[in-house]
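Below: the structure, in structure tokens.
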Amino acid sequence: MALKLFNTLTRSVQEFVPLDPQKKKVGMYCCGPTVYDFAHIGNWRTFVFADLVRRTLEFSGYDVTHVMNITDVEDKIIKRVREQKTTLREFTGKFEAAFLDDLKALGCREPHVKPRATEHIAEIIALIEKLVARGVAYKAADGSVYFSIEKYRGCGCCYGQLLKLNLDEMRAGERVASDEYEKESVADFALWKARVPDDGDVFWPSPFGEGRPGWHIECSAMSIKALGETFDLHLGGEDLKFPHHEDEIAQSEGATGKPFVKFWLHGAHLLVEGKKMSKSLGNFFTLRDLLAKGFTGREVRYLLLTSHYRETFNFTLDGLHGAKTALARIDECISKLRDMAAGKIEQADDVYLGQFRDSLEDDLNISAVWGKIYEWIRQTNKEMDSVPPVMRSFWAARRLATWDKIDSVLGVGVKAEAEAPAEISALAAARAEAKKAKDFKRADAIRDELKAKGWVIEDTPKGIKLKKI
RNA sequence: GGCGGGAUAGCCAAGUGGUAAGGCACGGCUCUGCAAAAGCUGCAUCGUCGGUUCGAUUCCGACUCUCGCCUCCA
Numbered sequence: 001m002a003l004k005l006f007n008t009l010t011r012s013v014q015e016f017v018p019l020d021p022q023k024k025k026v027g028m029y030c031c032g033p034t035v036y037d038f039a040h041i042g043n044w045r046t047f048v049f050a051d052l053v054r055r056t057l058e059f060s061g062y063d064v065t066h067v068m069n070i071t072d073v074e075d076k077i078i079k080r081v082r083e084q085k086t087t088l089r090e091f092t093g094k095f096e097a098a099f100l101d102d103l104k105a106l107g108c109r110e111p112h113v114k115p116r117a118t119e120h121i122a123e124i125i126a127l128i129e130k131l132v133a134r135g136v137a138y139k140a141a142d143g144s145v146y147f148s149i150e151k152y153r154g155c156g157c158c159y160g161q162l163l164k165l166n167l168d169e170m171r172a173g174e175r176v177a178s179d180e181y182e183k184e185s186v187a188d189f190a191l192w193k194a195r196v197p198d199d200g201d202v203f204w205p206s207p208f209g210e211g212r213p214g215w216h217i218e219c220s221a222m223s224i225k226a227l228g229e230t231f232d233l234h235l236g237g238e239d240l241k242f243p244h245h246e247d248e249i250a251q252s253e254g255a256t257g258k259p260f261v262k263f264w265l266h267g268a269h270l271l272v273e274g275k276k277m278s279k280s281l282g283n284f285f286t287l288r289d290l291l292a293k294g295f296t297g298r299e300v301r302y303l304l305l306t307s308h309y310r311e312t313f314n315f316t317l318d319g320l321h322g323a324k325t326a327l328a329r330i331d332e333c334i335s336k337l338r339d340m341a342a343g344k345i346e347q348a349d350d351v352y353l354g355q356f357r358d359s360l361e362d363d364l365n366i367s368a369v370w371g372k373i374y375e376w377i378r379q380t381n382k383e384m385d386s387v388p389p390v391m392r393s394f395w396a397a398r399r400l401a402t403w404d405k406i407d408s409v410l411g412v413g414v415k416a417e418a419e420a421p422a423e424i425s426a427l428a429a430a431r432a433e434a435k436k437a438k439d440f441k442r443a444d445a446i447r448d449e450l451k452a453k454g455w456v457i458e459d460t461p462k463g464i465k466l467k468k469i
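Just so we're aligned, residue 1 is where the first sequence starts under our numbering, counting upward by one.
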């Protein structure tokens, strides 16, 4: 079975075929963070989704170039730089670094290219000049340059490819701040924003006068630079369909006259504790908030990967506890396999991987994937004790190789076996003594003490086992 | 108002025109001195009302509830 994905352009699940004539290289662009604050769990759902898409493509044998922009100049950023009396670079650098740390903690593979908007001003200006030359952009009285939807449509181009729009019914929203006024039409959007006093020293010279890029143009400029005028995949959160992605298409196709992107993928949002995230409801979490509660990045990643990317997902702390328990079961099984394999290397089970792949390639049916994995875990546990001794290491190594393949897509890895500190080992030894002396009361007390210190002790046929909670 | 999702067990979440994966929680059992985030195992008729059909949770219609987007937004 070939990889099938839901393409927002066609509103249907389609087989993914790369543009590359060799069918090997794939260009993928994901709208990255605007670095004005720590990213929240909703943002992370989208980035983990992008990582899953990338890993799936790599699992399928494609050579992926993953590009993710860093938006480091934008209204909110400028506002905060001004408020905090800092510099743009210093301010955005801090949140960019935090973002990349979090991305790593969540087990996401680092994008190959991470272009910053402020380092592509020349490309942005060149793109705007092209649009002006083609007659689909104009400079307004306020000094800003806008994209004209009407002129664009006049060229036979389609605005509104990702969703049905009724432009005539659209009115300028009340939430549009004092930002865009001199446009010929409300649907037009800014390509270049003329410098205003509040911008401070955040501005660049350009043929249109001093100013800064509009919101959408950077993605067009940077994706075209990194991946070419037409590329395979572009992803982002569902809220970006309009206006951001629609405007990207207009700018890019308006400038190049070529189709911009073959496949558009959009991830659904999430709710937290059944409600839309908001700081006032107390259900607004950054990854840091969750780590501070004692959860790990892989547990958060696991939970974010339990539901289909096009469905709204309800993220709960209860669910996160469940994720922790569920992962511990996988860890236990893999850890036993490691012991049994004793370093032996074998080939993965292609029959099982085929089933795994079928679910995965079916528009990333991750829930079905987990279903198959837990069935595999149960079967592994069942067979484990009845494998003939001479077959044990082979049997386990084969299973281990299979898991490694699976995990190359899921990226939850296996929890490192924590080495017990001296204090914990001493308690474990004291408990063993007590047990030997049949002082079970004392043994149980020590066990409770260990639990309070975050360690679980298990008596197994092979001796005691200490596990960090 | 326009457009688009969703409604499956206590919670989360797949799926199918022929009597419903998986995870968490819970119960039972096994191992154990007792336990265990050890192992096995049990646990739903799919929002409401009509229709199509031999048969619908799955198709159609209506309704109810719910979520999102309509130029800050993952």
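Idealized CB from N, CA, C, for every residue including glycine.
Fewer than three pairs of CB atoms, one per stretch, sit closer than 8 Å, so the stretch 367-375 makes no contact with the stretch 411-421. Taken through DSSP and simplified to helix, strand or coil, H245 comes out as helix. The count of Cβ pairs closer than 8 Å, one atom from the stretch 336-344 and one from the stretch 276-295, stays below three, leaving the stretches out of contact.
As computed with DSSP, L163 is found in no beta bridge at all.
A distance below 6 Å between beta-carbons, with the five flanking residues on each side excluded, links D72 to the following residues of its chain, in chain order: V35, T92, R116, A117, T118.
The stretch 399-469 contains, as complete beta strand (DSSP E) runs of 3+ residues, the segments 455-460, 463-468 (chain order). Contact annotation: M277 and H40 have beta-carbon atoms nearer than 9 Å. Annotated as distal: L191 and A122, with beta-carbon spacing of 9 Å or more.
By the neighbour-count criterion, in which 16 or more other beta carbons inside 10 Å mark a residue as buried, K151 falls on the buried side. Secondary structure note for T65: its beta strand (DSSP E) is the uninterrupted segment 63-68. T10 carries a coil assignment under DSSP once its states are collapsed to helix, strand and coil. Taking the C-beta atoms as reference points, G214 is found no nearer than 9 Å to R195. In the three-state DSSP reduction, C30 falls in the strand class (E or B).
Checking the DSSP bridge columns, you'll see N314 partnered with L271.
By the criterion of a C-beta distance shorter than 7 Å, I406 is surrounded in its chain by F356, I373, once the five residues flanking it on both sides are discounted. Where K130 is concerned, there is no enclosing beta strand (DSSP E), although the alpha helix (DSSP H) around it starts and stops at 121-133. Going by beta carbons, L5 and L364 fall inside the 9 Å limit. Distance from the Cα of L400 is smallest, within the candidate group K76, G254, T380, Q22, for T380. W370 carries a helical assignment under DSSP once its states are collapsed to helix, strand and coil. In the three-state DSSP reduction, V261 falls in the strand class (E or B). Counting only the Cα atoms, R398 lies some 7 Å from D349.
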